[in-house]
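In my numbering, the protein residues as written are 225 to 361.
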């Protein structure tokens, strides 16, 4: 089981991993060995809540297909194990960012002592300005 945000566990059957040929530098290793990983996570077939599934399906990401499958390709490393862990790490990061519930901000109240001090300062300032006026007889 994969540990996900909010103690959600995803079944390994929902995640498909296939070995693919890596691209780029690497000489004969690239041509001979399937070290890259092609990870597919079916959102609709997972055991996530409906609310979380909707959040993921509404995601505006290149890795999300029209069928509701997240596709991640990892081929940065020369070994299959490192690429597999990298792909799972990326999936975990994507799910964590998407399913994170934002904290609701409660506006703080201004203490009464500070309000009283503020009005007192205004009164003092007003008195100073009153003394600057022209005196009428």
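Positions of the beta carbon are idealized from the N, C-alpha and C atoms, including for glycine.
Here the structure is a predicted model, which means the values were calculated and not measured.
Below 8 Å on the Cβ atoms is my guess for residue i versus residue j; work out the distance and round it to an integer in Å.
{"i": "residue 297", "j": "residue 262", "result": "6 Å"}
{"i": "residue 247", "j": "residue 285", "result": "No, residue 247 and residue 285 are not in contact; Cβ-Cβ is about 21 Å, not under 8 Å."}
{"i": "residue 241", "j": "residue 302", "result": "Rounded, the Cβ-Cβ distance is 17 Å, inconsistent with contact."}
Take residue i as the anchor and find which of the options has the nearest alpha-carbon.
{"i": "residue 293", "options": "239, 247, 344", "result": "239"}
{"i": "residue 363", "options": "265, 235, 257", "result": "Because the chain is modelled from 225 through 361, residue 363 falls outside the range shown and cannot be assessed."}
{"i": "residue 245", "options": "275, 304, 290", "result": "304"}
{"i": "residue 236", "options": "257, 326, 271, 352", "result": "271"}
{"i": "residue 312", "options": "322, 324, 295", "result": "295"}
{"i": "residue 323", "options": "242, 282, 256", "result": "282"}
{"i": "residue 336", "options": "344, 329, 330", "result": "344"}
{"i": "residue 321", "options": "269, 276, 346", "result": "276"}
Exposed or buried, which one is residue i when buried takes at least 16 other CB atoms within 10 Å?
{"i": "residue 267", "result": "buried"}
{"i": "residue 319", "result": "buried"}
{"i": "residue 260", "result": "buried"}
{"i": "residue 339", "result": "exposed"}
{"i": "residue 280", "result": "buried"}
DSSP state of residue i, grouped into three classes?
{"i": "residue 240", "result": "strand"}
{"i": "residue 306", "result": "helix"}
{"i": "residue 247", "result": "coil"}
{"i": "residue 285", "result": "coil"}
{"i": "residue 264", "result": "strand"}
{"i": "residue 352", "result": "helix"}
{"i": "residue 290", "result": "coil"}
{"i": "residue 234", "result": "strand"}
{"i": "residue 338", "result": "helix"}
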